[in-house]
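Structure, as structure tokens:
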Amino acid sequence: MNDVMPEGETIRLFTVPISQELAQEAAAILTRFRDIADDALRVKDLAAFEQNTTSLFRRENSEIDALGEPLRSERHSLHGLLLDTANLTKDNALDHVRALEHDILMQPPPVWSPLTLSRVVMEGVLFSEYLFDPTIPLNKRLARLAGMWMTDAIHSQKQAHALGPEDQAKATEMLAHVQDCLRKCQATERRNGNGKLIGYSIDSESAPLDINITERAAQAMPTWLPAPYRLTSGAAHNRPWMIGRAKELAGGDGLVGEAATVVAAVMVSMGALETVMHAFGEFFGVDVSDGLLEMKDERVAFLYRAIKIAHAQ
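Quick note on our numbering: the sequence shown kicks off at -9 and runs consecutively.
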């Protein structure tokens, strides 16, 4: 990113080593965002939440209620997985934000691990956003749930082969359970020309077996955050351009963490938390507007403070 300082000097923002002051500022804003998200996503009035018939979640429940038995009960069970997903995703994202806070404060400063941790935050959020997407009809949502549930069962079975007979038996039992549940939900398998399972259809709606997370990041993450998944993947996969930059800052002796890495990781994490708050709010009918506005104000203020710290004259 190019910018012009007040004195007229053109610079590239944050292409300087991480300072302790910047690290502390970055960790503090992550803590603040984590607290805002945790507060906004916590259901404070459970009775009011349960009686809110206008939320998309409740409207879809009513749509399933119109089905006959036993299909009604089976699809309610599949749809109910969204509640488990909501809690797991929130807890996982906030846990990794907390880990990122500690990582940024390490001495000597981290090199590219902040971006790797921010990728985990973003991935968990994107899985939820994919399932809670308010623009899709109920049956497409159920087809997405079916695909991701089966994907998890298949991955568990593959992993179990390296663990031993007992784990293999449990994984096989789990896979059979998922297959049986999806059959009872009347989820139709979609296969390619080679017979490989590629997704599910429920009534007239279809979805692939798993999420294309790179595409989802481009669609769902805030527009002020361009190409976040490609950036964080470069760190996670140890791409040479990232390693080379860290070595340049060190003058060829070791590796030095760059302020741009920390700021990028913070921005990705902030964008992910904004995304999950927006998705949860729309799907479950929870008013998160105050929290989102507070996040925007905090984000802008952080950038100004970070620029001042990183490029102090």
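Every residue gets a Cβ at the ideal spot worked out from N, C-alpha and C, and that includes glycine.
- Of the candidates Thr43, Val290, Leu263 and Arg295, Leu263 places its Cα closest to the Cα of His86.
- Distances from the alpha-carbon of Val253 to those of Ala16, Asp55, Asp81 and Ser63 put Ala16 closest.
- Of the candidates Thr265, Arg180, Gln41 and Met138, the residue whose Cα lies closest to the Cα of Leu165 is Met138.
- For Ile299, the enclosing alpha helix (DSSP H) stretches over residues Ser279 to Ala300.
- Pairing Phe122 with Arg131, the inter-Cα distance amounts to about 8 Å.
- One thing to note: Phe292 has its Cβ no nearer than 7 Å to the Cβ of Ser45.
- Here the region 58 to 69 does not lie against the region 209 to 222, with fewer than 3 beta-carbon pairs under 8 Å apart.
- Residue range Ser103 to Phe122 is occupied by the alpha helix (DSSP H) that includes Pro104, with no beta strand (DSSP E) assigned at that position.
- If the five residues before and after Gly114 are omitted, its C-beta is found closer than 7 Å to the C-beta atoms of Thr79, Asn82 and Ala83, all from its own chain and listed in chain order.
- In this structure Ile297 does not touch Leu105 by the C-beta definition: roughly 19 Å separates them, more than the 8 Å allowed.
- Nearest to Pro124 by C-alpha distance, out of Val256, Glu50 and Leu172, is Glu50.
- Contact between Pro99 and Ile8 holds, with the beta-carbon distance rounding to 4 Å and staying under 8 Å.
- Distance from the Cα of Gly261 is smallest, within the candidate group Gln10, Leu95, Phe23 and Thr5, for Phe23.
- When only Cα atoms are considered, Ile126 and Ala30 end up about 24 Å apart.
- Ile192: member of the beta strand (DSSP E) spanning Leu187 to Ile192, first to last residue.
- Following the DSSP letters along the chain, one finds Ala207 inside the alpha helix (DSSP H) bounded by residues Ile203 to Ala210.
- A residue is called buried when at least 16 other Cβ atoms come within 10 angstroms of its Cβ; Gly70 does not meet this threshold and is exposed.
- Counting other Cβ atoms within 10 Å of its Cβ, Gly281 reaches 16 or more and is therefore classed as buried.
- The way I'd put it, the region 134 to 149 does touch the region 161 to 177; three or more beta-carbon pairs between them come closer than 8 Å.
- Within the same chain, Cβ atoms closer than 7 Å to the Cβ of Pro198 are found at Gly137, Ile188 and Gly189, the five residues on either side in sequence being excluded.
- When DSSP states are grouped into helix, strand and coil, Thr43 belongs to the coil group.
- Assignment of beta-bridge partners to Ser196 by DSSP yields Ser191.
- If the five residues before and after Ala250 are omitted, its C-beta is found closer than 7 Å to the C-beta atoms of Phe4 and Thr5, all from its own chain and listed in chain order.
- From the listed residues Thr178, Gln149 and Ile94, the smallest Cα separation to Ile192 is found for Thr178.
- Ala177: member of the beta strand (DSSP E) spanning Ala177 to Arg181, first to last residue.
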